[in-house]
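In full-length UniProt numbering, the protein residues as written are 1 to 540. Worksheet: the structure to be examined is printed underneath.
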């Protein structure tokens, strides 16, 4: 009996040690509780209603490490339903947490919802913002930075400090007023200003002479590209939306709506203050915001003319975009080099040509993709798919390529198989710049070109070291080509990052699917999922 008891104790001890190892092996958790309220802000000197998170505009910054679990409890104190989306944070196997109306019921007023995210196999500079109505126009956005694990080297020396700059156009009107304008069938007026971290000027970033600093710069605006530069200093591009880049040096960088980049800046000038400048691109009237790069020993204020940037030079921007390259020797979020996936050797199984357009339906302005102006159904697409609810969407609503005919309303969903490798051409027949974002899946930007895309344009693709992104620009009367490995099962939003266009229908969803129900391909519906529309009353 004594021997048997000893064996039992040894076995129990082994299980206890094993459980400790399992607990220790689990990736860290970071918890955030956000209360979303209205509050008075005056970014352009005029009091207006803003959307605050924990009383702050812009909202709190999320800093985490690759594979961290990020738990965000959002308490909605607004008078409207509300959602937050995670712009570029991949959500592998988990479109349930995407925070857009195609995947989630909005959080009703005076209630809360808990997002459960994981920064799985990612590094980089991203953002979050409200995805409902025109809430983004009043705030509720912030930075979301994913740092590399200590065991995974980054291809540059650690910077002395890390600064996040949220830059975007701004209106003095409230989001409700802007929404009324769009609902009435009219386009928005030109923005009233441009902000850096919620201010049009004087935001200060401090550093020591001789040291190098990392600046993470994101375009959180509604509709306007901007050019970023620092007086007397060079910008060394090192990362864009999770991809380490070849470290080229620029005088200035164009950053389009929804995009994020990271640059290294070495303080190698005389110890004084220098202007940080962001100015609008491709606009007849130029809006400018300024900040200050302050040397810690400086006693001299910034002076002289602001550094000159490009204005409407489309070809200049196109040439710069073609210089962005992936650093093939750098580790990604995992030890293997990020260039080890040889995308240029894989033949796409399907090509989509998606053409944006502006037209009028019932005399009201609408935007469309391949003639379909998207309408959100009362039941999120993801819930309709999961519960097999008919009549919510039809995979035949939108065609793979543009077709002649009038613009019509529809709920556009493209069906694709899990692990398909596809080519998407964004065709822009309009004389305005476009910006497109894909949730849940990064992509290689393989080509830019003028006028209309044809299959012959593939000869000019970069099939070797194109950078991966989640958001890409399409120049006026031009096209952009991307390659997408659809390795993330779910219902994913493909939208205009130019928010008034998204609101008025320039979006669709990509259903990445296989018939297997397995945790290896997609997580189960969360127990706290909100149910609405035809899904209300369903059993989880």
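Backbone N, C-alpha and C fix where the C-beta goes; we use that ideal spot for every residue, glycine too.
Open item on the list: I'd like to know whether the C-beta atoms of residue 201 and residue 59 end up nearer to each other than 9 Å.
Closed with: Against a cut-off of 9 Å, the Cβ pair of residue 59 and residue 201 comes out as no contact.
Open item on the list: Count Cβ pairs between the stretch 187 to 196 and the stretch 233 to 251 that sit closer than 8 Å; are there 3 or more?
Closed with: No, the stretch 187 to 196 is not in contact with the stretch 233 to 251.
- [ ] Could you tell me which residues DSSP pairs with residue 32 in its beta bridges?
- [x] Residue pairing of residue 32 in beta bridges, as defined by DSSP: 72.
- [ ] Rounded to whole angstroms, what's the CA-CA distance from residue 397 to residue 510? Just pull it up for me.
- [x] Approximately 12 Å between the Cα atoms of the pair.
TODO: Under 6 Å Cβ to Cβ from residue 392, same chain only, skipping five residues before and after it: list those, please.
DONE: Result list for residue 392: 377, 379, 384, in chain order.
Task: Contact the stretch 54 to 68 vs the stretch 29 to 40: 3+ CB pairs below 8 Å - done: Touching, yes, given that three or more Cβ pairs across the two stretches are closer than 8 Å.
Open item on the list: residue 230 and residue 307 - do their beta-carbons sit closer together than 9 Å?
Closed with: In this structure, residue 230 lies closer than 9 Å to residue 307 by Cβ.
Open item on the list: Buried or exposed, going by whether 16 or more other CB atoms sit within 10 Å of the CB of residue 535?
Closed with: Buried.
Task: 4-residue-minimum alpha helix (DSSP H) runs that sit fully inside the UniProt domain "Plastocyanin-like" (36 to 149), ordered along the chain - done: As far as the UniProt domain "Plastocyanin-like" (36 to 149) is concerned, it has no whole alpha helix (DSSP H) run of at least 4 residues.
Open item on the list: Helix, strand or coil, according to DSSP, for residue 309 in the structure here?
Closed with: Coil.
TODO: Report yes if the C-beta distance between residue 546 and residue 525 is below 9 Å; otherwise report no.
DONE: Within the shown structure, residues of the chain are numbered from 1 to 540, placing residue 546 beyond reach of any answer.
Task: As assigned by DSSP and simplified to three states, the class of residue 277 - done: Secondary structure of residue 277 (DSSP, three-state): strand.
Task: alpha helix (DSSP H) runs wholly inside the UniProt domain "Plastocyanin-like" (162 to 297), at least 4 long, in chain order - done: Runs of the alpha helix (DSSP H) lying entirely within the UniProt domain "Plastocyanin-like" (162 to 297), each at least 4 residues long, are 175 to 183 in chain order.
Task: Proximity of residue 153 and residue 331 at Cβ, strictly below 9 Å - done: Residue 153 is a Cβ neighbour of residue 331, given a cutoff of 9 Å.
Open item on the list: Could you compute how far the alpha carbon of residue 87 sits from the alpha carbon of residue 221?
Closed with: Straight-line Cα distance between these residues: approximately 13 Å.
Task: Counted within 10 angstroms of its Cβ, other Cβ atoms place residue 91 as buried (16 or more) or exposed - done: Result: buried.
Task: Buried or exposed by the 16-neighbour rule on C-beta atoms within 10 Å, applied to residue 414 - done: Label assigned to residue 414: buried.
Task: Identified DSSP bridge partners for residue 414 - done: 510.
- [ ] List the whole-angstrom C-beta distance separating residue 40 from residue 47, where the pair is believed to meet the contact cut-off of C-beta under 8 Å.
- [x] Confirmed, Cβ separation roughly 5 Å.
Open item on the list: Three Cβ pairs or more, each shorter than 8 Å: is that satisfied between the stretch 261 to 276 and the stretch 478 to 496?
Closed with: No contact exists between the stretch 261 to 276 and the stretch 478 to 496.
Task: Inter-residue spacing [alpha-carbon to alpha-carbon] between residue 50 and residue 499 - done: Roughly 17 Å separates the two Cα atoms.
Task: Cβ contact check for the stretch 446 to 459 and the stretch 267 to 279: 3 or more pairs under 8 Å - done: By the criterion of at least three beta-carbon pairs nearer than 8 Å, the stretch 446 to 459 is not in contact with the stretch 267 to 279.
- [ ] Return the first residue and the last residue of the beta strand (DSSP E) that residue 369 is part of.
- [x] Residue 369 -> beta strand (DSSP E) spans 364 to 369.
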